[in-house]
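In UniProt numbering, the protein residues as written are 1 to 94.
For glycine and all other residues, C-beta sits at the position ideal for the given N, C-alpha and C.
As the structure is a computational prediction, the values presented were derived from the model and not from experiment.
Down below is the structure, laid out as structure tokens.
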Amino acid sequence: MKKKTILSFFIIIGFFINACSHQEDIQNDFMFEEYSKGDKIVLNSVNGGAKTLIRTDKGFIVEGEEDKVLMIDFFGTFCAPCKEEALELSKLWK
1 MKKKTILSFF
11 IIIGFFINAC
21 SHQEDIQNDF
31 MFEEYSKGDK
41 IVLNSVNGGA
51 KTLIRTDKGF
61 IVEGEEDKVL
71 MIDFFGTFCA
81 PCKEEALELS
91 KLWK
């Protein structure tokens, strides 16, 4: 009985060691590349419009609106501070 208990213990420990040491290769379908100078990116609006951003040495400019300031804000509707910020940005826009 004692031999079976010791053998079972070592088998279980062996499974744990094997499970913890196994590394899984994760495949990522996304390719992240830095934009080069002159690259164009088209942003589609939820209202049906589109803006084209052009990469420059200092950042991005909007094609056809080079003299205007562009502000992009990413937020979630579940985030209370984000909702407050969206209201303030909406007031600023008006």
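### Task
Thinking Leu92 and Asp73 are a contact (beta carbons under 8 Å), I'd like their distance in whole angstroms, please.
Leu92 to Asp73, Cβ: 11 Å. No contact.
### Task
Taking Leu53 as the reference, give the member of Ser45, Asp39, Asn47 with the closest Cα.
Comparing alpha carbon positions, the residue from Ser45, Asp39, Asn47 closest to Leu53 is Asp39.
### Query
Does DSSP put Asn44 in a helix, in a strand, or in coil?
Three-state result, Asn44: strand.
#### Entry: Cα-Cα separation between Ile41 and Arg55, rounded to whole angstroms
One C-alpha to the other measures close to 8 Å.
### Task
Starting from Lys51, follow the alpha helix (DSSP H) in both directions and report where the run begins and ends.
Following the DSSP letters along the chain, one finds Lys51 in no alpha helix (DSSP H) but inside the beta strand (DSSP E) bounded by residues 50–56.
#### Entry: Start-to-end residues for the beta strand (DSSP E) that takes in Val62
Segment 59–62, the beta strand (DSSP E) holding Val62.
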